[in-house]
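Take 1 as the starting number for the sequence shown in UniProt numbering and just add one per residue.
From the three backbone atoms N, C-alpha and C, an ideal C-beta is built for every residue, glycine too.
To keep things clear, I will list the structure first and then write my remarks on it.
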Amino acid sequence: MDVDPRHYEQIGIKDNDIHNIVLSYLVHNCYRETLESFVDCTGMPEPADYVEDMVKRKGIFCCVLEGNALKAIELTEQVACDLLENNKDLHFDLLSLHFVELVCAKKCTEALEFAQNTLMPFGKEQKLLEKLEDFLSLLAYEEPEKSPMFHLLGSEYRQHVADKLNRAILGLFLQFFSLFHVFSEDSILTNVLLVDLMILSIIIIHTLLYLFVGPE
1 MDVDPRHYEQ IGIKDNDIHN IVLSYLVHNC YRETLESFVD CTGMPEPADY VEDMVKRKGI
61 FCCVLEGNAL KAIELTEQVA CDLLENNKDL HFDLLSLHFV ELVCAKKCTE ALEFAQNTLM
121 PFGKEQKLLE KLEDFLSLLA YEEPEKSPMF HLLGSEYRQH VADKLNRAIL GLFLQFFSLF
181 HVFSEDSILT NVLLVDLMIL SIIIIHTLLY LFVGPE
């Protein structure tokens with residue numbers, strides 16, 4: 001829904017709404033130090049349980065980005081024991097990262113054994129079977145980085161899986177920090193404007209983080 005900018009000045013937006021937008025963003029992206037500074041500046045109550053969760057999620061997130069998928073799975077099972085069991089697609093994605101690491105290390109025999117013993121049982125589902133075929137095709141190339149599935153070897157795929165896992169874990173803790181529950185729901189117009197503010201806030205936060213803090 002498009003909102004006439006002339007109506008913006010007629011809508012009252014509470015500081016608390018904007019603070020919650022920023023807080024939700026920082027929690028989601030595991031910016032712990034920035035969150036602590038933000039809490040100090042705004043006087044908002046510090047969400048202690050969620051800070052602890054951020055530390056755990058960031059550790060898991062980093063393991064995925066580093067290609068240490070098996071460690072990421074181990075840590076995930078410690079904080080959310082049923083998550084991967086109930087999300088086979090995500091579980092496969094994580095295991096596929098380990099397969100990719102074996103392929104990149106030219107450990108083709110080990111990669112094939114891992115695929116047969118660990119990945120192939122996921123092939124019972126058609127969607128995952130197609131994914132499995134894509135990964136197995138990497139073994140057909142002496143230089144897999146030149147294969148049609150070369151994108152599965154890159155950092156962008158690891159980032160995709162890391163983000164997907166982070167969202168899944170965070171989903172278990174969203175009762176307080178859900179972006180769609182912190183807004184007042186007086187009108188559709190108010191909600192649309194708040195989404196605009198959320199997007200603007202995210203852009204500003206990204207800019208400030210890179211200029212003054214750098215990657216955490």
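Three-state secondary structure (DSSP) of Ile199: Legend: pLDDT at Ile199 = 47, less than 50; position of this residue unreliable, value from coordinates given subsequently. If DSSP states are grouped into helix, strand and coil, Ile199 belongs with the helices.
Three-way DSSP call (helix, strand, coil) for Ala105 in this model: The DSSP-derived three-state label of Ala105 is coil.
Cut-off 7 angstroms between Cβ atoms - residues of its own chain near Glu145, not counting five sequence neighbours on either side: Closer than 7 angstroms at the Cβ level, and outside the excluded window around Glu145, lie Leu153.
N-terminal and C-terminal residue of the alpha helix (DSSP H) that Glu156 is part of: According to the DSSP assignment, Glu156 belongs to the alpha helix (DSSP H) that extends over Ser155 to Leu170.
Leu132 versus Ala140: straight-line alpha-carbon distance, rounded: Distance between the alpha carbons of Leu132 and Ala140: 14 angstroms.
Residue range of the alpha helix (DSSP H) that includes Lys71: Per DSSP, Lys71 is one residue of the alpha helix (DSSP H) stretching across Ala69 to Val79.
Status (buried if at least 16 other CB within 10 Å, exposed otherwise) for Asp82: Taking every protein chain shown into account, the CB of Asp82 has fewer than 16 other CB atoms within 10 angstroms, so this residue is exposed.
Proximal residues to Asn87 (C-beta, below 7 angstroms), its chain only, five neighbours per side dropped: Result list for Asn87: Ala168, in chain order.
Ser147 versus Ser155, Glu156, Arg158 and Phe135, residue with shortest Cα-Cα distance: In this structure, Phe135 is the residue among Ser155, Glu156, Arg158 and Phe135 with its C-alpha nearest to the C-alpha of Ser147.
Candidates Leu172, Gly171 and Ser155, of which the one nearest residue 219 by Cα: Nothing in the structure corresponds to residue 219, since the chain is present only between 1 and 216.
Leu90 versus Cys104: straight-line alpha-carbon distance, rounded: Their backbone Cα atoms lie some 21 angstroms apart in a straight line.
Candidates Leu65, Thr42 and Leu102, of which the one nearest Asn166 by Cα: Among Leu65, Thr42 and Leu102, the Cα nearest to that of Asn166 belongs to Leu65.
Proximity of Leu97 and Gly67 at Cβ, strictly below 9 angstroms: Closer than 9 angstroms, so yes.
Identity of the residue in Leu94, Arg158 and Val55 nearest Leu119 by Cα: It is Leu94.
Cβ neighbours of Cys41 in the same chain (closer than 6 angstroms, five flanking residues each side left out): The answer is none, since no qualifying residue turns up.
Identity of the residue in Glu125, Met149 and Val79 nearest Arg57 by Cα: Closest in C-alpha terms to Arg57, from the list Glu125, Met149 and Val79, comes Val79.
Which of helix, strand or coil DSSP assigns to Leu65: Leu65 falls in the helix class under three-state DSSP.
Range of the contiguous alpha helix (DSSP H) that encloses Gln126: For Gln126, the enclosing alpha helix (DSSP H) covers residues Gln126 to Leu136.
Short Cβ contact (9 angstroms threshold) for Phe92 with Phe122: Phe92 places its beta carbon less than 9 angstroms from that of Phe122.
Local Cβ density within 10 Å of Leu170, reported as buried at 16 or more and exposed below that: By the neighbour-count definition (other C-beta atoms within 10 Å, threshold 16), Leu170 is a buried residue.
Inter-residue Cα distance where the pair is Ala72 and Asp53: Cα to Cα, Ala72 sits roughly 15 angstroms from Asp53.
Cut-off 6 angstroms between Cβ atoms - residues of its own chain near Phe176, not counting five sequence neighbours on either side: Its pLDDT being 40, under 50, Phe176 is placed unreliably in this model, and the value from its coordinates should be taken loosely. No residues qualify anywhere along the chain.
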